Amino acid sequence: MNLTNMARTLRIATRKSQLALWQANYIGKQLQSHWPDISYELVPMLTSGDKFTQSKLQTLGGKGLFVKELEEALLDKRADLAVHSLKDVPAELPPALHLPVICKRDNPLDALVSTQFSNMNDLPGTARIGTSSLRRQSQLLAWKPGLEIVPLRGNINTRLEKLQNESLDAIILAAAGLERLGLEHVICEVINPALMLPACAQGALGIECREDDQELLGLLSPLNDELTTACVKAERQVNALLGGNCHVPLAVFCQPAGEGQLHLQARVLNLDGSQVIADEQSGAIEAATAIAESCAENLLKNGARQLLLVHS
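The numbers in UniProt numbering rise by one with no breaks, and the one at position 36 of the sequence shown is 36.
Structure (structure tokens):
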């Protein structure tokens, strides 16, 4: 198949948030840099997760809330590809869809944002911290049990406004989202993963499309990053083996560790952070699947199964 001079308009399904639109435009421009005759148009849509900004995400049915409508647009052929923050994508995809491309990962870590405190260690033990992530909440409480966790939903700008309007001492946001929107100046500190491991696939963009669109697969292939793919697939495998969803405080992070090596860390916690079950594994990139399986097995064996049952 000769793709060099192909003229095709690609329809990119995306959420309507400022960050999602930035990400979809970024992918469109990346495609054009490889295939100058390609054009693209965005197909913005409101997802179920976007409609319930005042409700806790974990009561609404899990991660698929932020991708379901985009996947329906792919299946109905109203869109050719969907761009996702990969941390929102469930481990299991609908039949006829696949995730052939995982782009080079941006900053995978969380960030402290505060107008009063410049780093995590400066936070008082009773600080009011905004986050609706169970993963962040449980790790914060494991670190300082007296912290007051305040639910925080909405897009990035809404959350930044709530920092001021709701008398919060700090909020925790994904560093990658702030950096993509040119808001790195609000970051007080990128949080050390020893204190707070990120979510599965945090900082990575994934491209989902129909399995039968072979022409599109050829166009997308230059955007895939093999090292990010290996790391993120290991994280997603741990997540899948543990049945991870928004109900479960689960953190998992895989990163390169020298020539051809990966290092995988994972934690399962209870909501108040009083129980932390952790494991870490290292090995060759080629053994990423085995590393993930071993990590998940150790977590389950050491008590994660009981915690997962409590939160399921």
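Note that CB positions come from ideal geometry on N, CA and C, so glycine has one too.
Quick caveat, the model's predicted, so the values are computed rather than measured.
Buried versus exposed, by CB contacts within 10 Å (16 or more), residue i
i	result
Asp-76	exposed
Glu-286	exposed
His-34	exposed
Leu-31	buried
Gln-180	The identity of residue 180 in the sequence shown is Arg, whereas the question assumes Gln. Flag for Arg-180 reads buried.
Gln-54	Reliability fails at Gln-54, whose pLDDT of 48 lies under 50, so the model's placement of it is uncertain and no value is given.
Met-196	buried
Val-89	buried
Leu-309	exposed
Asn-107	buried
Contacting residues, own chain, Cβ-Cβ under 8 Å from residue i (five flanking each side not counted)
i	result
Lys-16	Pro-44, Met-45, Leu-46 and Asp-50
Asp-169	Ser-114, Gln-116, Phe-117, Leu-123, Pro-124, Ala-127, Arg-128 and Ile-129
Ala-284	Gly-260, Gln-261 and Leu-262
Leu-219	Leu-3, Met-6, Arg-8, Leu-10, Leu-31, His-34, Trp-35 and Ile-38
Leu-140	Ile-129, Thr-131, Leu-147, Ile-149, Ile-172, Met-196 and Gly-273
Alpha-carbon to alpha-carbon, residue j and residue i
i	j	result
Ala-288	Val-252	14 Å
Leu-299	Val-268	8 Å
Ala-96	Gln-116	50 Å
Ser-167	Ala-230	41 Å
Ile-102	Ser-274	35 Å
Ala-142	Arg-136	10 Å
Leu-86	Asn-302	28 Å
Glu-235	Gly-64	17 Å
Leu-70	Asp-212	17 Å
Asn-201	Gln-265	Per the sequence shown, residue 201 should be read as Ala rather than Asn. Distance between the alpha carbons of Ala-201 and Gln-265: 13 Å.
Ala-13	Val-276	38 Å
Tyr-40	Gly-28	6 Å
Gln-23	Ala-79	16 Å
Val-67	Ile-291	28 Å
Ala-82	Glu-72	10 Å
Sequence-distant residues of its chain with Cβ nearer than 6 Å to residue i (five each side left out)
i	result
residue 313	Any property of residue 313 remains undetermined from this structure, which presents the chain solely from 1 to 312.
Ser-221	none
Leu-307	Val-268 and Asn-270
Ser-294	Gln-281
Asn-157	none
Leu-163	Ile-171
Limits of the beta strand (DSSP E) - the one that residue i falls within
i	result
Arg-210	205-210
Asp-130	The sequence given here places Gly at residue 130; Asp does not occur at that position. Start and end: 128-130.
Ala-96	Ala-96 -> no beta strand (DSSP E), and no H or E assigned at all.
Leu-147	Careful: Leu-147 lies outside any beta strand (DSSP E) and carries neither H nor E.
Glu-41	39-45
Leu-173	170-174
Delimiting residues of the alpha helix (DSSP H) encompassing residue i
i	result
Arg-8	First-last for Arg-8: undefined, no H or E at that position.
Glu-226	226-241
residue 327	What the structure shows of the chain is the stretch from 1 to 312, and residue 327 is not part of that stretch, so it cannot be assessed.
Leu-294	First, the residue type needs correcting, since residue 294 is Ser and not Leu in the sequence shown. Ser-294 -> alpha helix (DSSP H) spans 288-299.
Local conformation of residue i per DSSP, three classes
i	result
Thr-14	strand
Arg-153	coil
Cys-254	strand
Ala-82	strand
Val-276	strand
Ala-266	strand
Gln-306	helix
Gln-116	coil
Gln-23	helix
Ser-282	strand
Ala-91	coil
Gln-202	coil
Asp-50	helix
Beta-carbon proximity list for residue i, same chain, < 7 Å, skipping 5 on both sides
i	result
Arg-8	Ile-38
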